[in-house]
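Structure first, then comments.
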Amino acid sequence: MSTQEPAVPEGRTPSVPGEAEVPEARVVHLTAEYWPYARTGGLGEAVRGMATFQHRLGSEATVVLPLYQVIREADLELRGFGKPFQVRVGPRTEAARLWEAVPKDDGPRILFVENEAYFGRPGIYGERGQDYLDNHRRFAFLAAAAVEALPRIADLPVVLHMHDWHTALATLYMRVLRRGDPYADAVASVLSVHNGGFQGHFPPEILPEIGLPAELYTVEVMEWYGRANILKGGLVFTDMATTVSLGHAFELRTEAGGFGLHHTFGALHDRLAGVLNGIDYGIWDPATDPDIPTNYSRDDLSGKAVCKKALQREYGLPEIPDRLLVGMVARMVSQKGMDLILEGLAVREAEAQFIFLGNGEPRYEVALHELAARYPDRIAVNTEFSEEREHRVIAGSDALLMPSLYEPCGLTQMRAQRYGTVPLARRVGGLADTIQDGVTGILFDDYQPERLDWTIRRAVARYADPMAWEDMMEHAMDQDHSWERVVRRYYEVYQRAFEIRRRAREEE
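Take 190 as the starting number for the sequence shown in our numbering and just add one per residue.
As structure tokens, then:
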């Protein structure tokens, strides 16, 4: 089975070559989340994977994120990194300090930006389902503090790798407010868009609050349907932009998939690259996983049946070995395809069992619990997510359900393939890039309940042929989604960013 990437349809952004040399430049990741310290979704895990494996390949990698209350409350040893310093954002000058996580093992350097007023709160972005009203100021402070401290963090040459809208202001601060500063002018910038649906748009009156001139509020830079769009401004000024799959890089340039920013993404041309995320094979390996009942491998799949039986017992389902068991590990939100599941018939009628693990919008949680109460022999739900439960569901299920409305990259399908659990997914974003229909998973196209029903019934029919199903399992387990393979692609992005920065400086 070939593990090459699928062919690129005409008009798609080309993928980045994967054999770039490890650069001498220091890499500083600026992020709102980093696993295991602060995480709400896949962002923190993705940044952790990049930084960790860049460090293992010999790069000098540093991660900078806020010192949230949840981090203060964790069992984490911190030590001061330099002296407190002042950060000016618009009309305010406020104190900041960096703290370093005392390393317990070999890994990238982790620095936390302290400001009790902004980050000493129970939530990362908000509480009780509501964003903090001053998020524009909170993350403007993070970006400004990082830019201010950057010369103390890393000597040139430096790549500042920003992640999502929360950090995008850093490149505006460097290119607009610090233009002419020899250090800032030399820093190459990369902005990764992990989820284009989150852009940081606010009333235009925030511009003076975050220290930016009113002249930036134009359709070419930050104006977006009467709002000031922070991600848009960051994309305009960054040297290179990436997103988390080849398919999503293409979708972002379309009206249907660009979340209102398709013109901005299209204007980037070859400054936008699609680079898939990876997974850590040291954590996600059925042969060594300590969180599953029995270990197994591609060469000896017997343990998977043991994991399935234990999972059925854990969730109160009949222990029927030849009944297809479909697991879903996801946030219960519309993006993950919950409407298709609830409106379709297959979950109620197909000869299969279903386990749903995750929490989310109350309306979806309630609807799933009602289904489980109505069909207790076929459907089980657990809205108390934990990583240990995630491992058990992925190892014990025969198939994984991912009928996403959109999916920039997706990590769960990669984990499932590693465990011989066949993804049943919609052909969108990173799912299209990582699943080969009928070979390493089963795909459908149209976002309609009938198409999901057809996919589930197709899986039931395929499962009835043990040799055909095992063939898909083995092909899925053959895929290489490791971070070791992925990280080298970012080095090519960094090389491009330095070249663009060099040309920009020559032209000034």
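Note that the Cβ used here is the ideal one computed from N, Cα and C, for glycine as well.
Apart from the five residues on each side of it in sequence, which residues of its chain come closer than 7 Å, Cβ to Cβ, to residue i?
i	result
A499	P482, G585
T192	Caution is warranted here: a pLDDT of 32 is assigned to T192, below 50, making its placement in the model unreliable, and no coordinate value can be reported.
R237	Y223, W224
G233	E222, Y223, W224, A227
F574	L546, G547, N548
R685	M429
E554	M521, N548, T572
N484	P475, A476, T477, D478, G492
Need the endpoints of the alpha helix (DSSP H) that residue i sits in, please.
i	result
N324	324 to 342
A705	Examination of residue 705 is not possible in this model, given that the chain is present from 190 through 697 alone.
A375	371 to 375
I631	Unbroken run through I631 is the beta strand (DSSP E), 631 to 633; no alpha helix (DSSP H).
M603	601 to 607
V495	491 to 503
I260	258 to 261
P397	395 to 398
H786	Residue numbering for the chain in the displayed model covers 190 to 697; residue 786 lies beyond these limits and cannot be assessed.
L358	358 to 361
Would you say residue i and residue j are within 8 Å of each other, going by their C-beta atoms?
i	j	result
D634	R616	yes
L380	A430	yes
G547	V518	yes
Q542	R567	yes
L219	V259	no
H350	P297	no
S671	Y372	no
R326	E412	no
V611	A588	yes
I583	Q602	no
V347	R215	yes
L490	M656	no
M591	A561	no
A329	G400	yes
A290	L256	no
W354	G312	no
R368	V336	no
F270	L287	yes
L514	K525	no
R690	D428	yes
A332	A285	no
D480	E577	yes
L594	Y564	no
R502	E540	no
F687	A377	yes
I'd like to confirm the pairing. Which residues does DSSP put opposite residue i in its beta bridges?
i	result
R298	T251
Y223	A227
T282	R277
H390	N418
D320	G315
D626	G630
R268	E289
H350	H218, V379
D528	For D528, which the question treats as bridged, DSSP gives no partner whatsoever.
M521	G549
E303	R286
Starting from residue i, trace the beta strand (DSSP E) in both directions and tell me its first and last residue.
i	result
M591	588 to 591
A614	611 to 615
M517	513 to 518
Can you name, in chain order, every residue of its own chain whose Cβ lies under 6 Å from the Cβ of residue i, other than the five neighbours on each side?
i	result
L531	A556
D295	none
E579	V518
E199	Note that E199 scores 37 on pLDDT, short of 50, meaning its location in the model is unreliable; the coordinates nonetheless yield the value given after this. Hits under 6 Å: none found.
G180	This structure cannot settle anything about residue 180, because the visible part of the chain is limited to 190 through 697.
P212	Y680, Y683
I299	V252, A290
T644	L613, I631, F633
R607	W473
R261	none
Got a sec? Which residues, its chain only, sit under 8 Å from residue i by beta carbon, not counting five neighbours each side?
i	result
P597	V382, H383, N384, G385, T432, V433, S434, H437, G618, G619
T443	H451
L441	V382, G385, T432, G447, F448, L450, H451, F454, L461
L600	G231, E234, A235, N466, I468
V365	L401, P402, L405, F426
R310	Y257, Q258, E316, Y321
L396	P402, A403, L405, Y406, M411, A417
*Report the residue ranges of all beta strand (DSSP E) runs contained in full by the stretch 532 to 594; include only those spanning at least 3 residues, in chain order.*
541 to 546, 568 to 571, 588 to 591
_Length at least 4, wholly inside the stretch 401 to 477: the alpha helix (DSSP H) runs in chain order_ = 419 to 426, 435 to 440, 451 to 456
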